[in-house]
Structures are given as C-alpha cells and as structure tokens.
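In our numbering, the protein residues as written are 51 to 174.
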Amino acid sequence: MRKMLRGLRRFRRSLTVTAVMAAVSIGLIAPASAQTVTCNVGTSSCTTQTIPANSGHWIKWSVENALWDDSDYVIYDADNGAIVGQGYIGTGKSRGGTINGLYGRYYLKVYNSSWDTIGVLWNA
51 MRKMLRGLRR FRRSLTVTAV MAAVSIGLIA PASAQTVTCN VGTSSCTTQT IPANSGHWIK
111 WSVENALWDD SDYVIYDADN GAIVGQGYIG TGKSRGGTIN GLYGRYYLKV YNSSWDTIGV
171 LWNA
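Structure below.
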C-alpha cells in the first residue's frame, strides 16, 4: 500500500513539473525569472532554498501531506526573518496559496510531519 501511495505522489509531482515546463516552453512563464524550489520531509522537517518574489510582488506555495500525516508550515522573509505566512494542514490534506505584497527573498519550512510530505515555493 505504501509503495502504491508513494508512486501516486511521485506521479502527481511529475505532472506538476511537466505543467511548469510546458508553460515555460510556450512562453507563459519567463524562464529567466521563474523559480520553483521544493523540499521533501525526510524525518520530521524540511526547508526549501530561497527564491525572490516575482515582479508582481508575490510568491505561491503548496504543501502536500502524506496520507498518514499532518504538518505545520512557515514561510519566512530570508532577509529579515519575518514570517509572511504560516499554518497547519490536516492529515492527508494538501493546501496552497499566494502571498501578495512581497519584495524580498523567501523560503518555506515544513515541520512536525513525516517522510513523503512535500513543500513547494515558486514565483512564476
């Protein structure tokens, strides 16, 4: 069962990557400014790399919990440590959103979770 669930999550992740790459190739996303960073929880937490807000002054985020776990997340301003977004996501749930009014560099931390929970931050 776990192998099947892991396979489904990897398939869903590959579809996301394919959609982003398709948008870049047809010009919907400018490749020079578009960045996507991910982290995959190994034991209890993970942190993405830092990316800048886009020229529209926003970033998007997503957290996909494993079917058997919940998690907390925080999005930080990398330059001053301010929290620009945070929350809790229930067992097996996924959630995402857009944070507007941003001008700096940001990263996402997912914690209080277990392996195979994924955090994604992007600016395109």
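All C-beta atoms in this analysis are idealised placements derived from N, C-alpha and C, irrespective of residue type, glycine included.
Measure how close the beta-carbons of residue i and residue j come, nearest whole angstrom, since I'm counting them as under 8 Å.
{"i": "E114", "j": "S95", "result": "About 15 Å; that fails the 8 Å criterion."}
{"i": "A103", "j": "Y157", "result": "Not confirmed; about 12 Å, so no contact."}
{"i": "V87", "j": "L171", "result": "5 Å"}
Helix, strand or coil for residue i per DSSP?
{"i": "S164", "result": "coil"}
{"i": "L78", "result": "With a pLDDT of 49 at L78, under the threshold of 50, the modelled position of this residue cannot be trusted; read the value that follows with caution. Three-state DSSP puts L78 in coil, outside helix and strand."}
{"i": "V124", "result": "strand"}
{"i": "K143", "result": "coil"}
{"i": "T66", "result": "Residue placement at T66 is flagged as unreliable, the pLDDT there being 49, under the threshold of 50; a coordinate-derived value is accordingly withheld."}
{"i": "N115", "result": "coil"}
{"i": "T98", "result": "coil"}
If you compare alpha carbons, which of the options is closest to residue i?
{"i": "N130", "options": "A116, W118, L152 and L117", "result": "L152"}
{"i": "A128", "options": "T98, D122 and I139", "result": "T98"}
{"i": "D120", "options": "A174, C89 and Y138", "result": "Y138"}
Please report how far the alpha carbon of residue i lies from the alpha carbon of residue j, in whole angstroms.
{"i": "N162", "j": "G106", "result": "32 Å"}
{"i": "A84", "j": "G169", "result": "17 Å"}
{"i": "V134", "j": "T100", "result": "14 Å"}
{"i": "N173", "j": "T93", "result": "27 Å"}
{"i": "W165", "j": "C89", "result": "11 Å"}
{"i": "Q136", "j": "G142", "result": "18 Å"}
Following a CB-centred definition, is residue i positioned closer than 7 Å to any heavy atom of the ligand GTP?
{"i": "G147", "result": "By its list of ligands, the structure shown contains no ligand whatsoever, and the ligand GTP lies outside what it can speak to."}
Is the distance from the Cβ of residue i to the Cβ of residue j below 8 Å?
{"i": "A116", "j": "T167", "result": "yes"}
{"i": "G147", "j": "W111", "result": "yes"}
{"i": "W118", "j": "I149", "result": "no"}
{"i": "V160", "j": "Y123", "result": "yes"}
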